[in-house]
Amino acid sequence: MLVTLTMNPSVDRTVALSELALGETNRVQEVRSDASGKGINVSRALMQLGIPSTAAGFLAGREGEFVEEAVRSFGITPHFTWLNQGQTRINTKILELNHNRTTEVNEPGPKVDAAAEAALWQDLAELIPQAEYVVCSGSLPPGVNHDFYFRLVEKCRAQGVPVILDASGPALIAGVKAKPFMIKPNVDEVAQLLGWRPEGKEERSRAIASLAELGIEIVAMSLGADGAVFYRRGEAVLWGRAAAEPLASTSGCGDALLTGVLVSLLAERPWAETVRWSIATATATAEIFGTNFPDQAHIESVLPRVVVEELSGQN
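Numbering of the sequence shown is given in our numbering, commencing with residue 697 and proceeding in unit increments.
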């Protein structure tokens, strides 16, 4: 069983317009709402490839009901912990078609008290022993201490369950100290971990090697439109990239990148093929409007466009 944990889910409301005019009335050309949150996105991307998972985390209010109903409709097994107060947050994404850029406005999410967190730990205690992988993705909601992921990774490791961690800020810094199996930081998050921002091939290769010294098996460093740099212990450091044709949305691309690695691990693909599939999955996601994910045929159509370059030999 695969378990995804989304501590702070959301309803993603994506609006498309030609150009955002600040301080003026803007006319929207297209709008849609999607159940989201980084772990839920991974579950959705997995399901598009026929791979089931169980989605855990906090939900609250009517927006939470929308998320749970959507999760069920996708064929994902919901195992959420419900909050008695507040609402699951709404994240607004404004896509400017003339500029191919997205502005995001994210709400903080409902506050979690000690009783609710204790209930979540009880739910996770049921799921972790059954899990092949646990994917922990996204921000922590108000009220949850920044060391939450550290504690979770330690509990999973004690039971032999590998954790894939995708977080930022203090939650990421604390989480990596417990040595998760894989992390997927972007360049800003790498700077948070190392204290310096890698620029160019040489620095990116050096940065990812430094991250590996923390005791992590796989590192996928996202570079946005420039693709990602991938490290795995005993393998070459590889840089993969491909252009979206056309670019429709950047929402969920990082989650798709992570999904591509996870699916390849399950399929036992060679390392270079893992990188190609990860980049193709993220690129195909960028070609779909809203927070949505590609099927296998779409991903396979992108594979010929993926360029993989070796940055350093086996490590």
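Glycine included, C-beta positions come from ideal geometry on N, C-alpha and C.
Between the Cα of residue i and those of the options, spot the shortest distance and give me the residue it belongs to.
| i | options | result |
| --- | --- | --- |
| THR750 | ASN794, VAL971, GLY735 and ALA811 | GLY735 |
| LEU907 | ILE879, ASN841 and THR784 | ILE879 |
| SER729 | LEU999, VAL699 and GLY986 | GLY986 |
| SER732 | ALA993, GLY805 and ARG893 | GLY805 |
| GLU895 | ASP922, GLY911 and ALA874 | ASP922 |
| TYR927 | PRO774, GLY920, GLY911 and ALA940 | GLY911 |
| THR710 | VAL872, LEU791, SER974 and LEU779 | LEU791 |
| GLY856 | GLY839, ALA870 and PRO876 | PRO876 |
| LEU954 | ALA854, PRO881, GLN888 and ALA887 | PRO881 |
| ALA938 | VAL959, VAL886, ARG893 and ILE995 | ILE995 |
| THR773 | GLY719, THR700 and ALA940 | THR700 |
| LYS873 | ILE860, ALA854, VAL849 and VAL808 | VAL849 |
| ALA712 | ILE786, ASN796 and GLY719 | ASN796 |
| LEU698 | GLY930, GLY865, ALA932 and PRO858 | PRO858 |
| ALA932 | THR970, VAL801 and PRO942 | THR970 |
| ARG929 | GLU909, SER947, PRO942 and GLY920 | GLU909 |
| MET703 | TYR829, PRO825, HIS775 and PRO942 | HIS775 |
| PHE754 | GLY871, ALA870 and ALA814 | ALA814 |
Residue i to residue j, Cα distance in whole Å?
| i | j | result |
| --- | --- | --- |
| ARG723 | PRO990 | 28 Å |
| ALA863 | THR721 | 35 Å |
| VAL883 | SER918 | 7 Å |
| GLN818 | GLU803 | 27 Å |
| GLU913 | SER974 | 16 Å |
| PRO838 | ALA810 | 11 Å |
| GLU1006 | GLU898 | 11 Å |
| ALA952 | VAL767 | 17 Å |
| THR788 | LEU890 | 31 Å |
| VAL831 | VAL957 | 12 Å |
| THR799 | LEU962 | 34 Å |
| LEU716 | GLN781 | 34 Å |
| SER1008 | ALA976 | 22 Å |
| SER997 | LEU779 | 42 Å |
| LEU820 | ALA827 | 10 Å |
| ASN737 | GLY771 | 13 Å |
| GLY687 | GLU885 | The first residue shown for the chain is 697 and the last is 1011, placing residue 687 beyond what the model contains. |
| VAL1073 | ALA854 | The question about residue 1073 has no answer here: the residues shown for the chain are numbered 697 through 1011. |
| ALA812 | VAL840 | 10 Å |
| LYS851 | ILE860 | 13 Å |
| GLY719 | ILE786 | 22 Å |
| ARG847 | ILE869 | 13 Å |
| GLY871 | TYR829 | 16 Å |
| SER769 | VAL763 | 10 Å |
| GLU765 | SER947 | 21 Å |
Our contact map puts residue i next to residue j with C-beta atoms below 8 Å; I'd like the distance itself, whole angstroms only.
| i | j | result |
| --- | --- | --- |
| LEU823 | ALA741 | At roughly 19 Å, the Cβ-Cβ gap does not stay under 8 Å, so LEU823 and ALA741 are not in contact. |
| SER945 | ALA982 | 7 Å |
| ARG965 | LEU999 | Not confirmed; about 12 Å, so no contact. |
| ALA756 | GLN783 | 6 Å |
| VAL915 | ILE747 | The pair is not a contact, with the Cβ atoms about 23 Å apart (cut-off 8 Å). |
CB-CB under 6 Å to residue i, same chain, minus the five flanking residues each way: which ones, in chain order?
| i | result |
| --- | --- |
| SER714 | LEU793 and ASN794 |
| ALA867 | LEU836, HIS842 and TYR845 |
| VAL925 | ARG900, ILE904, MET917 and TRP935 |
| GLU759 | VAL707, GLN783 and THR784 |
| ARG1017 | Nothing in the structure corresponds to residue 1017, since the chain is present only between 697 and 1011. |
| LEU816 | THR777 |
| SER739 | THR700, SER749, ALA751 and ILE772 |
| VAL801 | THR788 |
| VAL727 | VAL711 |
Give me the DSSP bridge partner(s) of residue i.
| i | result |
| --- | --- |
| ALA731 | VAL707 |
| THR777 | PHE754 |
| PRO770 | Note on identity: in this sequence residue 770 is Phe, with Pro being the wrong assignment. None; PHE770 has no bridge partner. |
| ALA916 | PHE926 |
| GLY936 | ALA924 and VAL1004 |
| LYS807 | Looking at the DSSP assignment, LYS807 forms no beta bridge with any residue, so it has no partner. |
| ARG785 | SER706 |
| ILE984 | DSSP lists no partner for ILE984. |
| THR955 | Paired residue(s): none; THR955 is not in a bridge. |
Looking only at its chain, what residues have a beta carbon closer than 7 Å to the beta carbon of residue i, apart from the 5 residues adjacent to it on each side?
| i | result |
| --- | --- |
| ALA968 | LEU934 and VAL1004 |
| CYS949 | ALA978, THR981 and ALA982 |
| GLU761 | none |
| GLN992 | LEU745 |
| ILE984 | ALA944, SER945 and PRO990 |
| VAL1002 | GLY936, ALA938, ARG972, ILE975 and ALA976 |
| ALA940 | THR979, ALA982 and GLU983 |
| PRO825 | GLN855 |
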